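*Asks:* Pasting in a structure now, in structure tokens, and then I'll have a few things to ask.
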Amino acid sequence: MPADPLDRFHELVDDARREIASVSSDHSGRTPGASAEAVERLGLAEGRVLGYLEALSVVRPDLARLAVDVAEKLTAEVGALRLTLARGDGEPFPEED
């Protein structure tokens, strides 16, 4: 584990991005069970990042401020991929409100 808490945060983000790449590489033709498992893996990876950010905000608020933008972008990526996994092949994306 790195001595610098911000380095650890970035390691978790990198892990989450690898999970995103793995899940998004071939989502077509997945069974509903496999899609649910992929969404679960994404949620766990995102949760590790957000949990670490929350802990960082308590012990090192100065560092947490630096990490917020990265966490927000990751959350947006995970959310978009969840929508992709939730719809069937050929099904259009729902219109945004």
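Quick note: the sequence shown uses our numbering, first residue 588, plus one each step. From the three backbone atoms N, C-alpha and C, an ideal C-beta is built for every residue, glycine too. The structure displayed is predicted, hence computed values, not measured ones.
1) Assuming L672 and A625 form a contact by the criterion Cβ under 8 Å, report the distance between their Cβ atoms to the nearest whole angstrom.
2) May I have the straight-line CA-CA distance separating P619 from L629, to the nearest angstrom?
3) Quick one, are the C-beta atoms of L650 and L643 less than 7 Å apart?
4) Assign E608 to one of three DSSP states: helix, strand, or coil.
5) Taking only the alpha-carbon atoms, compute the straight-line gap between R669 and A658 and give it to the nearest angstrom.
*Replies:* According to the structure data:
1) Taking the sequence shown and counting its residues from 1, the one referred to as residue 672 is at position 85. Taking the sequence shown and counting its residues from 1, the one referred to as residue 625 is at position 38. L672 to A625, Cβ: 6 Å. Contact.
2) Locating residue 619 in the sequence shown gives position 32, where the first residue counts as 1. Locating residue 629 in the sequence shown gives position 42, where the first residue counts as 1. For P619 and L629, the distance between alpha carbons rounds to 15 Å.
3) In the sequence shown, residue 650 corresponds to position 63, counting from 1. In the sequence shown, residue 643 corresponds to position 56, counting from 1. Yes, the pair counts as a contact, with Cβ atoms nearer than the cut-off.
4) Here residue 608 corresponds to residue number 21 of the sequence shown, with the count starting at 1. The identity of residue 608 in the sequence shown is Ala, whereas the question assumes Glu. DSSP places A608 in helix when its eight states are reduced to three.
5) In the sequence shown, the residue the question calls residue 669 occupies position 82. In the sequence shown, the residue the question calls residue 658 occupies position 71. Going from the Cα of R669 to the Cα of A658 covers about 16 Å.
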